[in-house]
Each structure stands twice: as C-alpha cells, then as structure tokens.
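Down below is the structure, laid out as structure tokens.
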Amino acid sequence: MIRLNLRFFPAAGVLLFIILSVSSCLDHRRKMEEALRREDIPTDAVIRRIRERGVLVASTRYTTINYFVYRGEPMGFQYEMLKSFSDYLGVKLEIRIMNDLDESIRNLSRGECDLLASGLTITRELNKRVDFSHPILQTRQVLVQRRPGALPGDTSRAPLIRNPLDLAGKTVYIQKGTTYRLRLAHLSDEIGSEIRIIEHPEATAEELIEMVGRGTIDYTVCNEHLAMVALRRYSRMDAGTAISFPQHIAWATQKGAHGLQHEINTWLAGFQESRLAAILYHKYFKSERTARWAASSYHSLTGGRISEYDELIRKYSPEIGWDWRLLASLIYQESGFRPDARSWAGAFGLMQLMPGTAELLGVDSLSPPEEQIKAGVELIKRIQRQFEPLVPDPEERIRFVLAAYNAGNAHVYDAIRLAEKYGADPAVWENSVDTFLLNKDNPKYYKDPVVRFGYCQCDEPYWFVIEIMERYQHYLNVVKQ
2 MIRLNLRFFP
12 AAGVLLFIIL
22 SVSSCLDHRR
32 KMEEALRRED
42 IPTDAVIRRI
52 RERGVLVAST
62 RYTTINYFVY
72 RGEPMGFQYE
82 MLKSFSDYLG
92 VKLEIRIMND
102 LDESIRNLSR
112 GECDLLASGL
122 TITRELNKRV
132 DFSHPILQTR
142 QVLVQRRPGA
152 LPGDTSRAPL
162 IRNPLDLAGK
172 TVYIQKGTTY
182 RLRLAHLSDE
192 IGSEIRIIEH
202 PEATAEELIE
212 MVGRGTIDYT
222 VCNEHLAMVA
232 LRRYSRMDAG
242 TAISFPQHIA
252 WATQKGAHGL
262 QHEINTWLAG
272 FQESRLAAIL
282 YHKYFKSERT
292 ARWAASSYHS
302 LTGGRISEYD
312 ELIRKYSPEI
322 GWDWRLLASL
332 IYQESGFRPD
342 ARSWAGAFGL
352 MQLMPGTAEL
362 LGVDSLSPPE
372 EQIKAGVELI
382 KRIQRQFEPL
392 VPDPEERIRF
402 VLAAYNAGNA
412 HVYDAIRLAE
422 KYGADPAVWE
432 NSVDTFLLNK
442 DNPKYYKDPV
452 VRFGYCQCDE
462 PYWFVIEIME
472 RYQHYLNVVK
482 Q
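And the structure:
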C-alpha cells in the first residue's frame, strides 16, 4: 500500500497507531495474497460489460490531486492510476466528474459508472452500500485553520485548536456529499457538545481551504494528504490537528461486482510494488511542482485556462462549427501549443502546416500565432466541405476531418471505399472506416482495385483521432465553455 508520510497523534497515540497500522497492513497483505492464489477467478455483469464495450467508466472528484488538466494535458493521481488500470484491462478509460458522494453511489448502483475513484474512506456505513478494493492510501481527517496573525491587521493571539474537544460550539464548513459530515457528527456526540456543520453547496475541499486562508470561514475538514498539498500554497495555514484515527482510502465498486473487484486487487498487487506507483506518489504528494501547477493560470481548476491562445481559439472555432475545446485539443496534439514547433517532415507552427499548404493559405513559419490558427481553421473548413457529401452526420464527420488533417484526404477516401466494398458503413468512423485506414499497410487492402493511393502506414492518423477525441472529453469535463 502507498503510505503517506503523516504526523500522527502525540504521546500514547503513536504506539497505538503503529500497532494498528502494522496489523492492518499485514492483514490486508494476507487477504490479497489469498485472493490471488484462488483459481476460481470470479466474474460478474460489471466486468463483462466493461470488456464487451471496451471502456472502463470511472467516477472521480475534480481536484488538484485527483484529476485536472494542466497546460492542455489531463493529469491527477487518481486519473493516472485509472489509466494504468484500464491499460491493464486492455480497455479505454472514460472519466466522469462526480463530487457528491450519494449521487456517485446511486450512479454506481444503476450501472452508470463502473467504479468510484474519489479518495473514499473505508467506513462501516459505506461498506453497506459499496464493495471496496484493497487500500490504496492511508490518511486521516484533519482540521484546517489559520495561524494567528495570518490575515493583514490580525493581532489575535488565540491559540490553534489542538484538542478536538475545543471544537465545541465552533462552525466547520465541509464539502457537500463527503464522509467528513459523518465523522464530525460522531465527534460532536463524543465530546457531548454541538459542532455546527455546514455543507457548502458548491465549493470543493480545496476551495474551502482557500476560504479559510482568505478569512471567509474559520475552519474546514478534509483528508490530510489533500490538506498537505493544498497548504503548500498558504504559508500561514495549519492542518496539524487530526479529528480521526488513520483510515484506509480505496476504490469502490457496485455491491456484488466480485469480478471487477478481483481485477482491481490483482492489478493493485503488482502496481503498488512498481516504480510507477513510487513516481506517482512523489509527483502528486511530495513534489513542489503540485503547488506550482495549482498556482498556474493554465491549471483547469484554479486558473481555468488551457493555453495562452484560448481567446484566439474561441474566436476562430465558430468558423468550422466546432466547440473551441475540440480545436484546442487538435492544436495541443499538433504542437503542444508551441508556435515554433517543427516536425521532422517540415510541418511548422501551432497547426503544423506543411510548407506547401501554408503557402497556399498565406502563412509561413514567421507568421504570428493568430495567423497560424486562422490558416489552420481555413484548412479544416476546406476538408469539411469535401467530406460533407460522404459523411452527413456532422459529429461523425469530425473524425474523418481529423484523420484527413493528419494523413491527407486521399488515404481516408481509400478507407471509405474499402469499407463500402467489404460491407461496413462508409459514413461511420469507429470500428468501420478507421479499421480499413489502419490496414492500408496490408497488401490485401492497399493492392485492392478500389484503392487509388496505395500503401500507407496509417497508425499515426488512427491514433491521432483517438487521442484528440479523448483529450477533448477531458477538456469537456473540466474546462468551461
């Protein structure tokens, strides 16, 4: 199990924590090894559904640790783990954002998603509603508060709350739909006095931490691993007071989804011993880069921008009828938003135009970014007109246009003719025309009489379409229109 480097309860609590942690880890390791020795691998409707459709649908929270987009690239601890697990299953990954715990569990039980990867704490109450994987992390719930003198003009010398008993009569804001409410309610009962608990209707845990830092509210509660990362941005904040014992965090599946649960635990057994696990842990929980990312204008959660060219992309995308985030995904794929990018084949700029095409469109490698984007959009517009008679559905046509933008119209036309000849739908891309494009390096197909433009190593345009559309979905998830 990946373990966070936490500061634990003082005095006798240290010994108790060590005993519980060692015992718990050994118990989970024993159970994991027993499960992996079983020969009768369980199956269920959920894992069958995942394999049949070739897609793992996972729900997660949108936070600066779990899942976000930074400088055009989807990132996050939970996201990268989910990507590794979906690769292990040999399926694609679809991410859905769900910040409300109850709604997430309802979606899970209805089969609208396959698993929850939201940093859920394993509790007795949740165990009645979901099945948990083996633990991924250990953490605890902590109180986030300001240090004395943190705000301008604040001359208060009031001590920090170090004893949970001192929360009596205090107001604590928490993210709606989390396990924090249950813990605070139990704590209120334990101390025999009311803690006023307010679930904020919209704010995330990180936004509530920011509110504490600004003085809008005095206290919030969240998991310590999240607090430790968020507080790197706020030097006058404190998260050193625990309100819970160490707790396990795990992924959750629908009750009875034993096949999926087995696959997760089998993958976890290898993943947690891998170099990738160590890299991800350091990347998101130890490295100072996480604070720099969160402070950047190009962080989707805190800055809301994909690139410095967002306004230009918004300006020209209506000319082709595209959501601006789709055009942004294309530009990222081509150049990583670098106007000076050059390919081995001579393509240049944000839109990676070939010199001959660029000359026809009136730009060159010295043209400013706006002219490059404008020229690229004009090229897309021309490609679209050529595919309109062949692919009536505008949403479906996008994939044909993307492939043609990368490989040229001619090879896509050949793939359409092959699809028509072999009884596939020539106006549908996925599992139809894309398959024949991918096979244009096979003599059976590139020597076929209907093929006019011969051999093509078309792996690049095939993946070009997939990667742009997948990134576009991430942009839809986290970047506002």
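For the sequence shown, my numbering gives the first residue as 2, with consecutive numbering after it.
Quick reminder that beta carbons are idealized off the backbone N, C-alpha and C, glycines included.
Check: Looking only at its chain, what residues have a beta carbon closer than 8 Å to the beta carbon of R398, apart from the 5 residues adjacent to it on each side?; Outcome: Q385, F388, E389 and V392
Check: Measuring CB to CB, does S308 end up less than 8 Å from V479?; Outcome: no
Check: Closer than 7 Å to a non-hydrogen atom of the ligand SAH - does that hold for the CB of Y423?; Outcome: This structure lacks the ligand SAH, and indeed carries no ligand of any kind.
Check: Measuring only the C-alpha atoms, how far is R233 from A151?; Outcome: 15 Å
Check: Are the beta-carbon atoms belonging to G363 and A346 less than 8 Å from one another?; Outcome: no
Check: Spell out a yes or no on whether the segment 283-297 and the segment 342-357 are touching, meaning 3 or more CB-CB pairs, one atom from each, closer than 8 Å.; Outcome: no
Check: Nearest to E53 by CA position, among Y220, L90, P202 and N443, is which residue?; Outcome: L90
Check: With a 10 Å radius around its C-beta and 16 neighbouring C-beta atoms as the bar for buried, classify Y476 as buried or exposed.; Outcome: buried
Check: Keeping to the same chain, check which residues put their C-beta closer than 6 Å to that of G77; ignore five residues upstream and five downstream.; Outcome: N67, Y68 and F69
Check: So for H300, helix, strand or coil by DSSP?; Outcome: strand
Check: Distance, Cα to Cα, N108 vs A118?; Outcome: 13 Å
Check: Are the C-beta atoms of K441 and some chain B residue less than 8 Å apart?; Outcome: No chain B appears in the structure shown, which is made up of a single protein chain.
Check: Tell me which residue opens and which closes the beta strand (DSSP E) that G120 is part of.; Outcome: L116 to T122
Check: If you compare alpha carbons, which of G112, S110, Y446 and R141 is closest to L121?; Outcome: R141
Check: Beta strand (DSSP E) containing I106: first to last residue?; Outcome: Where I106 is concerned, there is no enclosing beta strand (DSSP E), although the alpha helix (DSSP H) it sits in stretches over L102 to S110.
Check: Quick check on the burial criterion: 16 or more other C-beta atoms within 10 angstroms. Buried or exposed for G260?; Outcome: buried
Check: Rounded to the nearest angstrom, what separates R148 and I244 at their Cα positions?; Outcome: 18 Å
Check: Measuring alpha carbon to alpha carbon, tell me which of F272, S368, E113 and K177 ends up nearest P202.; Outcome: K177
Check: Just reading off the beta strand (DSSP E) that R52 is part of, what are its end residues?; Outcome: Note, R52: premise wrong, no beta strand (DSSP E); alpha helix (DSSP H) at A46 to R54.
Check: Would DSSP call G305 helix, strand or coil?; Outcome: coil
Check: When you compare only the Cα positions, how much space is there between S134 and T436?; Outcome: 36 Å
Check: So, helix, strand or coil for P319, using DSSP?; Outcome: helix
Check: Check whether the segment 181-198 and the segment 207-217 are in contact - that is, three or more C-beta pairs closer than 8 Å.; Outcome: no
Check: Does the beta-carbon of Q458 have 16 or more other beta-carbons within 10 angstroms, so that it is buried, or is it exposed?; Outcome: exposed
Check: Tell me whether D190 is buried or exposed, calling it buried when 16 or more other Cβ atoms sit within 10 Å of its Cβ.; Outcome: exposed
Check: Which residues bound the alpha helix (DSSP H) around N443?; Outcome: It is not in any alpha helix (DSSP H) - N443 carries neither H nor E in the DSSP assignment.
Check: Name the one or two DSSP bridge partners that I175 has.; Outcome: E200
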